[in-house]
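First the structure, in the form of structure tokens, and then the observations on it.
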Amino acid sequence: MTHNETAAPASELAAENQALRERMAWLMEQAELNHSIMCRHQAFDLEIVGAGSFPVLIGTIFRTLPIISSLDGVTLSLLDEDDDILLVMEKLGVDFADFPQLLFVREEAALGFGLTRSANAQAPKPRLGAFVDAEHGKLFPDAAGALRSVAVVPLLRNKRLIGSLNLGSADAARFTPSLGTDFVEHMASIIAICLENVISNEMLKYIGLTDSLTGVYNRRYIDRRLLEEIARARRQDYRISFMYIDIDHFKRVNDSVGHQGGDEVLREVAARIKNELRRSDALGRFGGEEFVVLLIDADLGSASVVAERIRAGIADSLFNLPAGVKVAVSVSIGVTSLGDFDHDCSIEAVAQQLVAHADSALYQAKERGRNQVVCYPNSPSA
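So the mapping is simple: the working numbering equals the position in the sequence shown, first residue as 1, plus 3.
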């Protein structure tokens, strides 16, 4: 055997060893990378499981998931057929302007997975592939132009579709139909569990702040909201107004139509008041036949106009009760406003003063014959 023949196998062996070392180094690097990704996602899971409110959970998802998963777009679509989630969260003070990545759909079909409600229906699977603007543009309203591939992952609870987790990447090869989906399905299942738990807890919180008969807020909520709004009005320098509303001669109503009829009257009064309010305003029942209204960014003049519309809306149309019974109802309303705040006075004292002034105006309205609006410290508007 010549020297060249001996050297050739040695050099090939050295090259093969070098290739093996490089392969091993790459595998170790990938293992470390995968371990790091796994740790980041485990920390993410723990963080969202510990989220105590809807905005904290949503904010964590949108803030953290794009970073730990190197994504260029993350949105959530939630199925909300009757706007229950949207309305309750708004009433609990969630500002959806802070979460443009949160989308609501009213129909399951809008999620694009097909109907899943029959007993033998197959659970929907993630849809992975190239970004198509006509199909995916509405899922990524702020990032659509930068995306090349997407994964639309169903959010499922007990085989029930509650929404979708929408992931987008500028890398065309990131999400392809041949890619395994176990990881994203696991992530979506954790998010779905957290969403359902937090939404359920928020619904219970809302029930605890709501009058069960009329569906409007209870005194506990109004007392809390009043403090929050006074503090905000001080910071942002706008006016708030407050109304105290009392149904005139409600005992006579109960005596004439019975307590069930009286309950119907209370519900209808609440509905008619609500019809005159904006979504930013708050209507509460203080108990019995007394209601209160908190008007945001409204001075005494505009509040008195709203109060007069409420008074007329109740007095000018008979109430239709079951069994064809009709009854006339009227209300007396006291209105007051706070605009120039004494910053040396506590928020609690300001709130007590606001309620007391409205109550004083209501007393004057009743003394002057009822079915009218009196403003504190002004004269009656009707």
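Cβ atoms here follow ideal geometry from the backbone N, Cα and C, with glycine treated the same way.
Since this is a predicted model, take the numbers as computed values, not measurements.
Query: For F195, the nearest candidate out of G261, V330, L159 (CA to CA); Result: Residue identity differs from the one stated: residue 195 is Ala in this sequence, not Phe. The candidate whose alpha carbon is nearest that of A195 is L159.
Query: Alpha carbon of T184 to alpha carbon of D83, nearest angstrom; Result: 26 Å
Query: Contact between the stretch 209-227 and the stretch 321-339 (3+ Cβ pairs under 8 Å); Result: no
Query: Spatially closest choice to S363 from V376, F178, I299, by CA coordinates; Result: V376
Query: Strand pairing of N221, partner residues [DSSP]; Result: R288
Query: Residues bridged to N169 (per DSSP); Result: T78, V155
Query: Through-space distance from D145 to A17, alpha-carbon basis; Result: 53 Å
Query: For I243, the residue or residues it bridges with in DSSP; Result: I299, L341
Query: P12 in three-state terms, based on DSSP; Result: helix
Query: Cβ-based neighbour list, G327, same chain, cut-off 7 Å, excluding 5 preceding and 5 following; Result: none
Query: Proximity below 9 Å, CB of L131 to CB of T179; Result: yes
Query: For S73 and A149, the rounded distance between their alpha carbons; Result: 14 Å
Query: Which of helix, strand or coil DSSP assigns to R371; Result: coil
Query: Expected contact under 8 Å - CB spacing of R314 and N374 to nearest Å; Result: 7 Å
Query: For K141, three-class secondary structure by DSSP; Result: helix
Query: DSSP state of S203 mapped onto helix, strand, coil; Result: helix
Query: Secondary structure of C348, DSSP reduced to three states; Result: coil
Query: Reduced DSSP category for S382 - H, G, I as helix; E, B as strand; rest coil; Result: Only weak support exists for where S382 lies, its pLDDT of 42 falling under 50; the coordinates are left without a value.
Query: Opening and closing residue of the alpha helix (DSSP H) in which V97 lies; Result: Careful: V97 lies outside any alpha helix (DSSP H) and carries neither H nor E.
Query: Where T67 sits in the DSSP three-state scheme; Result: helix
Query: Spatial distance of E50 from T63 (CA atoms); Result: 8 Å
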